Amino acid sequence: MAERRRERPIGPALDRSLIDRARNGDLDAFEAIVRARMDAVYRLTNAILGDEADARDAAQETFVLAWRELPRLRDSEKFEAWLQRIAVNAARMTLRARGRRRVREIPSSQVDALAGHVATDDPAGADAARLGAALERLDVDQRAILVLHHLDGRPLAELATILDIPVGTAKSRLFAARRALEQALRADEADG
Amino acid sequence: MNDDRRPTDWPDDRLAGAFRARAEAHPTPSDLAAATVERIRRMPRISPIRDRFVRLGGLVAAAVVVAIVAVALVARPTAGPIGSAGPTTFGLPVLSVNDALAIRDSGVDDREIAVHGFLGGLAQVSCPYTPEPSNPTELRCPELNIWLMSAPESLVTHNGNSMTMHGPTGPALNPGLALVDMTGLFPETEAATPIGFIGHFDDRRADSCAVDVRHTCADTFIVDRIDRGTVQTVTFRDLDRADQAVQTDSEIDSLITRVDPTLRILSRRVVAIKRLPSTEPVYQATPSGTPSYVSSAAWVVTALSPVDASGRAIARTFVIFDGTDLISEITRNGPVQVTLGVATPPSPGTASTSTQSPSLGPTASPTPAESGQATLSTLLAAPITVSQAIDHRDNHLDDTELAVAGYWIDRSGQLRCAYAVHRSPVEPGCQWRWLTVVPPVDWTNSSEPDQPALAPILDGRAFVDPAIADGITTGVSVVALGHFDDPRAALCDPLRVESCRRNFIVDAILDPARRWPAGTASAPGLSCAGLPIADCAAAAIAVLGSVRTDQGFPAAIEIGAGVWCPTPGLLFANTSCPAGGQPPAGGGQWIGYALVSFTDTSAQAYFNIAKSGLVVQATAVAIATPPPSLVVHVEDTEHVLIGTRSLTIAESARLDWARIVDPAGTATADIAEVPGRPGDIAVRWTAPACQPSLNVVGHGNGVMPREVAVLPVAPTTGCSGPDHEWTVVLEFRDPIRAPLVEILSLSGG
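Sequences listed follow chains Y and G, in order.
Under our numbering, think of the first position of the first sequence as 6, with each following residue one higher.
Under our numbering, think of the first position of the second sequence as 30, with each following residue one higher.
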């Protein structure tokens, strides 16, 4: 039978009371949320942005915005999707800001990939480098839906919730993003 | 082209692995959580009330001559009883300004409310120049000088010859009036006047404000209607010229009624298209390009939903591009196209002559090709309109192949045009061909149609039905097959790439009236895979011309690459089959096959398609009535079937057959992996000599099962009895294992 897609929570379940306390201004409660969800948020922003410094900024901005906006969250049950939506938006804003920045930090771990020096004995690493280069050709919305689906294993219904779009739209966007990615991968191959 | 069957080197597993490797290479910095918390601790959360105080303080600093007394505003008013018995308007209870402020300060709440108070301030004051306002929730001068107050106050103080304006001392708010006609709103006197507004806080447009003012935008009370004590709605016309809009108020209202008859129109505005983005930020230019529209005006209608059990009602906003019946509802997620219900439901028992069932209720349709699998099957049976195609371009730009019904105008020879060399074949040149909604009335004084239209690009590869003459200047009904977002747009001048993406590239122009069988109102469905669209269109026409009338009315035509191989027993669509070893009678080469199914009969007609130069011909191979199909369900993730073949003698001796049974337990088939060929699966079953077809179904990207191959059976005569064993090898591009194959259903075996 078919291998079912992984449906991985973004972390250990958060106590709803923790969210309610944070919403009421309890910073200690919010700190607990930050620590519980930072990995997931950073993983998301890094996957979208492909740049450690940018990902760090976006992840931090995500929680800053979340702290400010939390009182406006009506349903704490929707906190997880809401937080991820903020993270996607934060990544988008970071990407815009990147265009205005003259100097971009390049972590040493990316130098080889940027230079095209990919270790040939590491297929996964080579694929990761090729994927990273191809993602650069996609807009942030396409990156986000691909990351959420293929990295986090989010099914369509969750994609729709996180991105706040109808399921049908999530489906068509995922399809279009996948197609764009494959075109980008081919284009990168053609570019050598 | 939109070809989701193209083989991929990046199946899901590989892609997920690459994502994981990429993520694992960059673990979360160990200090990030602590640094984030530290940053948050240094920046305590600003309460909504404090936020407003800070905002008002900023305004005081900015407005030199205006002294704003903010004390009354930051004093949170007590929310009184809301919704209690009392006067109502549009079914909404009339609230005081105090009540409205309480709603504003209670959290996110975008319900529609009616607020009565007193309007004061000076609208006619000199304001510093600011760029065109981009968001109605972002208030500027002079709106910041206008107040809706709970009690009448004079906001102007005279001192000799000078005049000073100040803010109200009592509860008040600045109404956002960008969406309403303010004509006559302000009397000549400076005295506050009684007024009623219907509107809401937490408008969706606030999401488009810059982050630092988004809270402020959300707090703006957006006025949807000035309550003048009448239910009549007067259209606010913001046009460049009086005749810029062609639709009437009643036509617009009729469309809204078809969206939802329970909606009550609060406001109706028609604006020059260039000003649409100023009230609907969603239409503002994006990094991917500036929207362009064929309509020169747009209607923006705000309508009130019925009050629900909790006493809440929501305002819904619809945008209609003038001259069309295309409605998009503007939501927090952007424009969502609304499918209109019919004006009056059909009476029971009325047979529909259309293959597209009318929808009685509105359904949001974010994209016409939701599955992303639209090929030529798209809509030839029910082509979309030119207006819908324009919407597709403007809101769902992709390369989905579209069938667009309209009127074809070719003015080549009438218009002069300078020759220009283009980098890309999809770069627009002389615009002398048009696809319009209705035939143009008068071309005398204009080189462009006076209605929504596409200016298609017709390159040398396009197929034009011979029935359609050149140089048609009056418009002839056609179905144009084509697409936007052609990949060759990338070759355009870098400054015109986005423009090129929006050009409609025609693959074929068909005459729906002449070629479809007479006496029917609907054309057969058409699917096409593996052939250029132009060839498919030509093949479809050739096939229809070859179908004998006594065979019935074609319900569907499936066209694909390969040809039917009428080998004994089986009739495979096969790219290597020499079509029985015979060259096409009319010369040229075999390029494809066609399978025609008919209404009211299970018969199927098989054709091979030949092309010689520009001539495409269909040759009937057989017509047969196959028994029910065997369906093999292949539960893999990519299911790229690259071919079929017969089992070799050597292979047959080495196979380890496994019996699989359909869920109902009524039929069986044998499945075997082929040693040394990981992508091959052999299928064996016993069935009548009249042989069922074999349908192979797979899961595309784990989303939806879809058919990946249909292997019909050669028509034979005099066949009978379930006494024949059939074997076929399915060749998949990727490795596949026998346990991943199951029978979904089986009958006739």
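Don't be surprised by glycine CBs; every beta carbon is placed ideally from N, CA and C.
Here the structure is a predicted model, which is why all the values come from computation and not from measurement.
(message) Please confirm whether HIS122(Y) has its beta-carbon closer than 8 Å to some beta-carbon of chain G.
(response) Low per-residue confidence applies at HIS122(Y): pLDDT is 33, beneath 50, and the placement is therefore not dependable, though the value from the model is reported in the following sentence. Judged by the 8 Å Cβ criterion, HIS122(Y) is not in contact with chain G.
(message) Which residues in chain Y have a C-beta closer than 7 Å to the C-beta of ASP427(G)? List them in chain order.
(response) ALA181
(request) Could you spell out where the alpha helix (DSSP H) holding TRP72(Y) opens and where it closes? (result) 57 to 74
(message) Measuring straight from C-alpha to C-alpha, what distance separates GLY205(G) and PRO561(G)?
(response) 54 Å
(message) Helix, strand or coil, according to DSSP, for ASP128(G) in the structure here?
(response) helix
(request) Would you mind reading off the limits of the alpha helix (DSSP H) that contains VAL329(G)? (result) Unbroken run through VAL329(G) is the beta strand (DSSP E), 326 to 333; no alpha helix (DSSP H).
(request) May I ask you to verify whether the region 56 to 65 of chain Y touches the region 22 to 34 of chain Y, counting CB pairs closer than 8 Å and requiring at least 3? (result) no
(request) Could you please give the first and the last residue of the uninterrupted beta strand (DSSP E) stretch that includes SER626(G)? (result) 618 to 627
(request) Reducing DSSP to helix, strand and coil, say where GLY705(G) ends up. (result) coil
(request) Would you list, in chain order, the members of the region 29 to 46 of chain Y that have their beta-carbon closer than 8 Å to a beta-carbon of chain G? (result) GLY30, LEU32, PHE35, GLU36, VAL39, ARG40, MET43 and ASP44
(message) Let me confirm a value: HIS187(G) is counted as buried when at least 16 other C-beta atoms fall within 10 Å, else exposed. Which label applies?
(response) exposed
(message) Between ASP132(Y) and chain G, is the shortest Cβ-Cβ distance under 8 Å, so that the two count as touching?
(response) yes
(request) For the alpha helix (DSSP H) containing PHE230(G), list its first residue and its last residue. (result) From DSSP, PHE230(G) is part of no alpha helix (DSSP H); its letter is neither H nor E.
(request) Round the Cβ separation of ARG201(Y) and VAL137(G) to the nearest angstrom and send it over; I've been treating them as touching at under 8 Å. (result) There is simply no residue 201(Y) to check, as chain Y begins at 6 and stops at 197 in what is shown.
(request) Starting from ASP278(G), follow the beta strand (DSSP E) in both directions and report where the run begins and ends. (result) First-last for ASP278(G): 278 to 288, but that is the alpha helix (DSSP H), not the beta strand (DSSP E).
(request) May I have the straight-line CA-CA distance separating ALA131(Y) from HIS55(G), to the nearest angstrom? (result) 15 Å
(message) Measuring alpha carbon to alpha carbon, tell me which residue in VAL69(Y), ARG48(Y) and ILE38(Y) is nearest ARG68(G).
(response) VAL69(Y)
(message) Between VAL93(Y) and chain G, is any beta-carbon pair separated by less than 8 Å?
(response) no
(message) To the nearest angstrom, how far is the alpha carbon of ALA134(Y) from that of VAL365(G)?
(response) 37 Å
(request) Please state whether DSSP places LEU676(G) in a helix, a strand or coil. (result) coil
(message) Distance check for THR628(G) and ALA380(G), CA to CA, integer angstroms please.
(response) Note on ALA380(G): pLDDT 23, under 50, position unreliable in the model; the coordinate value appears next. When rounded, the distance between both Cα atoms is 15 Å.
(request) Would you mind telling me which residues of chain B sit closer than 8 Å to TRP461(G), beta carbon to beta carbon, in chain order? (result) The displayed structure is made up of protein chains Y and G, and chain B is not among them.
(message) Can you check whether the C-beta of LEU4(Y) is within less than 8 Å of a C-beta belonging to chain G?
(response) Nothing about residue 4(Y) can be reported from this structure: the residues present for chain Y run from 6 to 197 only.
(message) Beta carbons nearer than 8 Å to chain Y: which residues of the region 40 to 68 of chain G have them?
(response) ASP41, ARG43, LEU44, ALA45, GLY46, ALA47, PHE48, ARG49, ALA50, ARG51, ALA52, ALA54, HIS55, THR57, PRO58, LEU61, ALA62, ALA64, THR65, VAL66 and ARG68
(message) Strictly below 8 Å CB to CB, what residues from chain Y border VAL137(G)?
(response) ARG77 and ARG79
(request) Write down the C-beta distance between ASP210(G) and ILE227(G) rounded to the nearest angstrom, noting that I regard them as a contact closer than 8 Å. (result) Wrong, their Cβ atoms sit about 14 Å apart, outside the cutoff.
(request) Taking only the alpha-carbon atoms, compute the straight-line gap between VAL505(G) and ALA418(G) and give it to the nearest angstrom. (result) 18 Å
(request) Assign ARG530(G) to buried or exposed, taking buried as 16 or more other Cβ atoms, counted over all protein chains shown, within 10 Å of its Cβ. (result) buried
(request) Assign GLN276(G) to buried or exposed, taking buried as 16 or more other Cβ atoms, counted over all protein chains shown, within 10 Å of its Cβ. (result) buried
(message) Taking beta-carbon pairs under 7 Å, can you tell me which members of the region 330 to 349 of chain G lie near chain Y?
(response) none
(request) Whole angstroms is fine: what's the gap from ALA327(G)'s alpha carbon to ILE501(G)'s? (result) 30 Å
(message) Let's test the definition: count the other Cβ atoms within 10 Å of the Cβ of LYS303(G) and tell me whether it reaches 16, buried, or not, exposed.
(response) exposed
(request) Taking C-beta pairs closer than 8 Å, name the residues in chain Y that ARG70(G) reaches, listed in chain order. (result) LEU32
(request) State the DSSP-derived secondary structure class of ARG422(G), mapped to helix, strand or coil. (result) helix
(request) Tell whether a beta-carbon distance below 8 Å holds between ALA808(G) and LEU305(G). (result) With chain G represented from 30 up to 778, any question about residue 808(G) goes unanswered, as that position is not in the structure.
(request) Determine, using beta carbons only, whether GLN65(Y) comes closer than 8 Å to chain G. (result) yes
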